[in-house]
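Following: one structure in structure tokens, then a few remarks.
2 protein chains.
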Amino acid sequence: MATKVTITDVARRAGVSRQTVSNVLNSPELVREETRDRVREAIGALGYRASQAARQMRTGRSRLIATRIQPDRDGINGSVLDRFLHGLTASAAQAGYRILLYAAGDERAEIDTFEELVGSHEPDAFVLASTYYGDGRPAWLRERRLPFVTFGRPWGNAGGQATGDPGHAWVDVDGAAGTAAATRHLLDAGHRRIGFLGWPTGSGVGDDRRSGWARTLVAEGIDPDGLNQATDDGVADGEKAARELLRAERPITALVCASDSLALGALHAVRSLTASGQLTASGRLTAEGRLTIAGQAGGEEGLPVSVIGFDDTPVAKAVGLSSVSQPLAEAAAGCVGLLTRLFDPPSPGDPGAPDDPGADGSRTHLLLRPSLVLRQSS
Amino acid sequence: MATKVTITDVARRAGVSRQTVSNVLNSPELVREETRDRVREAIGALGYRASQAARQMRTGRSRLIATRIQPDRDGINGSVLDRFLHGLTASAAQAGYRILLYAAGDERAEIDTFEELVGSHEPDAFVLASTYYGDGRPAWLRERRLPFVTFGRPWGNAGGQATGDPGHAWVDVDGAAGTAAATRHLLDAGHRRIGFLGWPTGSGVGDDRRSGWARTLVAEGIDPDGLNQATDDGVADGEKAARELLRAERPITALVCASDSLALGALHAVRSLTASGQLTASGRLTAEGRLTIAGQAGGEEGLPVSVIGFDDTPVAKAVGLSSVSQPLAEAAAGCVGLLTRLFDPPSPGDPGAPDDPGADGSRTHLLLRPSLVLRQSS
DNA sequence: CATGCCCCTTTGAACGTTCAAACCCTCAGA
DNA sequence: TCTGAGGGTTTGAACGTTCAAAGGGGCATG
Chain A
0 MATKVTITDV ARRAGVSRQT VSNVLNSPEL VREETRDRVR EAIGALGYRA SQAARQMRTG
60 RSRLIATRIQ PDRDGINGSV LDRFLHGLTA SAAQAGYRIL LYAAGDERAE IDTFEELVGS
120 HEPDAFVLAS TYYGDGRPAW LRERRLPFVT FGRPWGNAGG QATGDPGHAW VDVDGAAGTA
180 AATRHLLDAG HRRIGFLGWP TGSGVGDDRR SGWARTLVAE GIDPDGLNQA TDDGVADGEK
240 AARELLRAER PITALVCASD SLALGALHAV RSLTASGQLT ASGRLTAEGR LTIAGQAGGE
300 EGLPVSVIGF DDTPVAKAVG LSSVSQPLAE AAAGCVGLLT RLFDPPSPGD PGAPDDPGAD
360 GSRTHLLLRP SLVLRQSS
Chain B
0 MATKVTITDV ARRAGVSRQT VSNVLNSPEL VREETRDRVR EAIGALGYRA SQAARQMRTG
60 RSRLIATRIQ PDRDGINGSV LDRFLHGLTA SAAQAGYRIL LYAAGDERAE IDTFEELVGS
120 HEPDAFVLAS TYYGDGRPAW LRERRLPFVT FGRPWGNAGG QATGDPGHAW VDVDGAAGTA
180 AATRHLLDAG HRRIGFLGWP TGSGVGDDRR SGWARTLVAE GIDPDGLNQA TDDGVADGEK
240 AARELLRAER PITALVCASD SLALGALHAV RSLTASGQLT ASGRLTAEGR LTIAGQAGGE
300 EGLPVSVIGF DDTPVAKAVG LSSVSQPLAE AAAGCVGLLT RLFDPPSPGD PGAPDDPGAD
360 GSRTHLLLRP SLVLRQSS
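Residue numbers (numbering that gives the first Met the number 0), protein chains in the order written: chain A, 0 to 377; chain B, 0 to 377.
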């Protein structure tokens with residue numbers, strides 16, 4: 000088989016030294032144009048590619064970015080991180096990096112893997128997806144000065160909004176803006192009693208999503224009290240909690256949910272209550288759970304019961320569920336962008352969108368806006 | 000920060016030479032027990048880990064396995080490969096390998112990526128998921144003697160069964176056995192007119208799945224002719240095709256599908272025909288599309304119209320669709336197993352399940368049995 | 001006592017790259 | 001003519017590991 004082409008082979012063919020070839024690759028401006036062309040011709044003719052291993056030995060840089068692949072938990076939300084991973088792979092490749100995967104059951108196992116990886120394959124950086132309250136991984140990495148970016152804000156001690164100084168780079172999607180848009184859409188459709196189905200207080204992501212809904216109602220002069228249910232993430236949990244909101248003395252007519260799992264449960268609840276006669280379907284029943292309430296207390300007779308989910312998963316698409324969609328490819332590109340900025344700090348006079356010129360003058364985070372995908376369920 | 004611990008540091012602390020430390024790691028049987036213990040103590044105390052880059056330079060082995068991450072096409076079937084990928088990552092880690100990801104739009108781009116990777120990061124092997132008819136990738140890799148395994152049989156020129164001599168290692172799931180089990184289940188439930196909804200002839204996977212259904216009917220003395228529809232993979236396509244089978248002069252009462260996408264479409268068709276009165280629901284309508292036919296031609300009155308999908312995706316779980324489940328974690332483990340066998344050929348007198356002792360005496364493929372997951376839809 | 005052998009260990013070199021420093025020209029200025 | 005500077009190129013060393021070969025001690029054999 001064709002044996003490996005080395006930088007020496009290229010040098011010989013171009014009639015120059017190893018170092019000159021190396022310079023053509025890494026610092027072309029140091030090499031005279033004529034020489035450069037000759038070397039480039041040789042590189043092309045021989046099909047030379049620099050050995051990562053040798054390069055890494057000398058420079059200490061592996062051009063590898065490590066990230067974790069999660070088992071899809073309930074199988075619905077898992078697809079979000081998979082799409083993110085795909086975007087990450089593509090963006091990293093464009094920037095000259097490759098993605099190295101690892102699996103880990105819990106935080107302890109993940110940190111063990113950090114240690115293992117840092118010692119052996121020596122990735123240049125880590126990307127941590129789905130941060131959580133009390134997440135110990137950022138601190139571990141920071142102590143060792145290992146570059147990393149999180150997809151997800153560092154949720155402060157209060158369990159609420161992000162703290163002012165994150166101390167590390169992150170990219171996130173503005174969940175509150177997403178639920179606000181969903182709520183706004185429902186208000187525009189004429190709904191007033193719009194409920195929220197989310198997770199128990201204390202989860203950063205969940206509280207954020209709830210806040211967007213609440214503030215939009217308040218801005219409209221509607222008191223969100225009593226329109227809110229919190230439960231674990233799951234289809235069955237969602238159905239149960241939605242049922243309570245639908246059977247309250249003053250029932251809701253629309254529901255914004257913190258996940259597609261919950262929203263799917265809510266759709267089931269709506270269907271089931273209708274089928275058992277506890278809600279009256281006055282219109283034609285479609286396969287997607289779009290029903291019409293008639294004769295309920297409150298003045299919104301004739302409005303369809305709408306449900307909006309979060310994450311725009313394949314399941315949402317399959318069952319016709321409206322949902323808030325995260326720009327995952329952009330989020331991934333943002334992560335890679337922040338990382339490369341960490342590796343080679345940009346020159347001071349760099350152009351860039353004026354976001355939050357922090358103390359050190361560099362933007363270290365990125366907050367993206369989600370979009371609302373409307374389907375039959377709303 | 001603590002500077003990198005090298006093999007020399009360990010050697011110094013243990014009072015031996017570099018090579019002895021290396022031997023403790025790679026060929027412990029060469030080292031006297033007492034020395035071995037002393038070296039191991041030093042390794043532990045210093046937290047030493049061998050540098051992959053340096054090791055790779057000398058041995059030419061990167062302990063990296065490259066595989067592609069696909070964008071989830073229709074969003075439903077994508078999850079299958081994601082689960083496979085997760086299994087692959089876990090199995091590879093156990094065998095001391097890491098997964099390197101790449102993305103590529105088409106075959107041409109993928110082969111370019113092969114070339115790029117082989118030159119730079121030099122993965123020890125490739126795993127190709129989802130092979131197809133006329134797949135050019137295996138030939139490319141084989142020509143260059145690059146080790147690889149495919150998840151999916153090499154589908155022969157006839158577009159039908161696998162050829163006798165694959166020429167490379169593969170792991171696959173016996174799709175025909177899966178549809179056969181599904182068909183058998185429906186027969187046991189009393190169905191006779193069991194349809195199949197699949198893809199156009201020429202796709203290896205699709206033809207395989209169809210054959211399991213057909214042979215099971217034939218074995219029962221039922222002629223499969225006219226019970227079969229072929230269409231592109233997609234929910235809308237599936238709904239359209241299912242509709243035709245349901246409205247035939249002698250309609251089917253159950254349907255086995257080549258994918259969950261098609262099955263989901265079929266469920267919609269059943270629902271929709273029922274709602275419009277073209278099928279009569281004689282029982283209680285559940286949310287999952289389980290209906291009962293009454294008064295149709297044929298003698299199977301009162302049987303529920305059953306639908307069974309393929310792949311057991313999250314969507315199937317969400318909508319209560321029975322489905323054939325592939326053992327993806329085992330398939331992934333099988334791929335890693337075959338690869339490690341390629342790297343270090345096993346000693347001749349090795350124990351192993353008697354499968355197909357090929358000409359060279361080594362098993363180079365693995366065919367796994369799927370299982371049937373029953374839910375409300377059947 | 002020399003020889004050979006086995007077991008365990010050490011030594012020198014090599015993998016392919018880039019860093020740091022040296023080198024060689026040419027040209028300008030004193 | 002000497003000195004210095006600077007552009008362009010080369011040289012030697014080093015990164016951390018393993019391969020191939022050599023070294024050395026103990027013991028049995030001739």
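Note that the Cβ used here is the ideal one computed from N, Cα and C, for glycine as well. Just so it is clear, the structure is predicted and the values come from calculations on it, not from any experiment.
Item: Could you check where the alpha helix (DSSP H) with residue 367 of chain A kicks off and where it finishes?; Value: Looking at the DSSP string, residue 367 of chain A is not in any alpha helix (DSSP H); the run it does join, the beta strand (DSSP E), is 364–367.
Item: Are the beta-carbon atoms belonging to residue 329 of chain B and residue 373 of chain B less than 8 Å from one another?; Value: no
Item: Can you pull out the residues from the stretch 94–111 of chain B whose beta carbon lies closer than 8 Å to at least one beta carbon of chain A?; Value: 97, 98, 99, 100, 101 and 102
Item: Mind listing which residues of the stretch 81–95 of chain A have their C-beta closer than 8 Å to chain B's C-betas, in chain order?; Value: 81, 82, 84, 85, 88, 89 and 92
Item: Exposed or buried, what is residue 109 of chain A when buried is set at 16 or more other beta-carbons lying within 10 Å of its beta-carbon?; Value: buried
Item: Please classify residue 200 of chain B as buried or exposed, where buried requires at least 16 neighbouring CB atoms within 10 angstroms.; Value: exposed
Item: Hey, out of A:233, A:170, A:97 and A:153, whose CA is closest to residue 313 of chain B's CA?; Value: A:233
Item: Does the distance from the C-beta atom of residue 265 of chain A to that of residue 220 of chain A stay below 8 Å?; Value: no
Item: Please go through the stretch 115–177 of chain B and give each complete beta strand (DSSP E) segment of 3 or more residues, from N-terminal end onward.; Value: 124–128, 147–150 and 168–172
Item: If I'm right that residue 377 of chain A touches residue 307 of chain A with Cβ under 8 Å, what's the distance once you round it to whole angstroms?; Value: 5 Å
Item: Given that residue 38 of chain B touches chain A, what residues does it touch there, using C-beta distances under 7 Å?; Value: Neighbours of residue 38 of chain B on chain A: none; closest Cβ ~17 Å, over 7 Å.
Item: On the CB-based measure, 16 or more other CB atoms within 10 Å of its CB, does residue 332 of chain A come out buried or exposed?; Value: buried
Item: In chain order, what residues of the stretch 254–268 of chain B put their CB closer than 8 Å to some CB of chain A?; Value: 263 and 267
Item: Confirm the yes/no value for this check: CB of residue 85 of chain A, any heavy atom of the ligand NAD, distance under 7 Å.; Value: What this structure holds is no ligand at all, so the ligand NAD is not there to describe.
Item: State the Cα-Cα distance for the pair residue 133 of chain A and residue 223 of chain A, rounded to the nearest angstrom.; Value: 29 Å
Item: Report the neighbours of residue 118 of chain B on chain A: residues whose CB is nearer than 7 Å to its CB, in chain order.; Value: 48
Item: Please confirm whether residue 325 of chain A has its beta-carbon closer than 8 Å to some beta-carbon of chain B.; Value: no
Item: Can you tell me the Cα-Cα spacing of residue 325 of chain B and residue 226 of chain A, whole angstroms?; Value: 42 Å
Item: Select from the stretch 308–321 of chain B all residues with a C-beta closer than 8 Å to any C-beta belonging to chain A, and list them in chain order.; Value: 312, 313, 314, 316, 317 and 318
Item: Assuming residue 66 of chain B is part of the beta strand (DSSP E), what are its boundary residues?; Value: 63–67
Item: Name the chain B residues that come within less than 8 Å of residue 51 of chain A, Cβ to Cβ?; Value: 52, 119, 120 and 121
Item: What whole-angstrom Cβ distance do residue 170 of chain B and residue 337 of chain B have, given they're in contact under 8 Å?; Value: 7 Å
Item: For residue 144 of chain B, which option in B:127, B:123 and B:131 has the closest C-alpha, if you only look at C-alpha atoms?; Value: B:123
Item: Taking C-beta pairs closer than 7 Å, name the residues in chain A that residue 55 of chain B reaches, listed in chain order.; Value: 52
Item: Examine chain B for any beta-carbon lying closer than 8 Å to the beta-carbon of residue 68 of chain A, and answer yes or no.; Value: yes
Item: Per DSSP, what kind of secondary structure is residue 50 of chain B in: helix, strand or coil?; Value: coil
Item: Can you tell me which of the three DSSP states residue 196 of chain A falls into?; Value: strand
Item: Residues in its own chain within less than 7 Å of residue 0 of chain B by CB, not counting five upstream and five downstream?; Value: Confidence at residue 0 of chain B is low in this model, with a pLDDT of 48, below 50, so its placement is unreliable and no value can be given for it.
Item: Would you please state the rounded distance, in angstroms, between the beta carbons of residue 335 of chain A and residue 87 of chain A? I believe it to be under 8 Å.; Value: 7 Å
Item: Identify the contact partners of residue 26 of chain B in chain A, using a Cβ-Cβ distance below 8 Å as the criterion.; Value: Residues of chain A passing the Cβ test: none, with the nearest at roughly 19 Å.
Item: Answer yes or no: do residue 62 of chain B and residue 96 of chain B have a C-beta to C-beta separation smaller than 8 Å?; Value: yes
Item: Any contact between the stretch 173–183 of chain B and the stretch 200–216 of chain B? By contact I mean 3 or more CB pairs, one from each, below 8 Å.; Value: yes
Item: Taking C-beta to C-beta, are residue 137 of chain B and residue 167 of chain B nearer than 8 Å?; Value: yes
Item: Quick one: which chain A residues come within Cβ less than 8 Å of residue 234 of chain B?; Value: 317
Item: When the distance is taken between beta carbons, is residue 20 of chain B closer than 8 Å to residue 4 of chain B?; Value: no
Item: With 16 as the cutoff for other CB atoms within 10 Å, does residue 102 of chain B come out buried or exposed?; Value: buried
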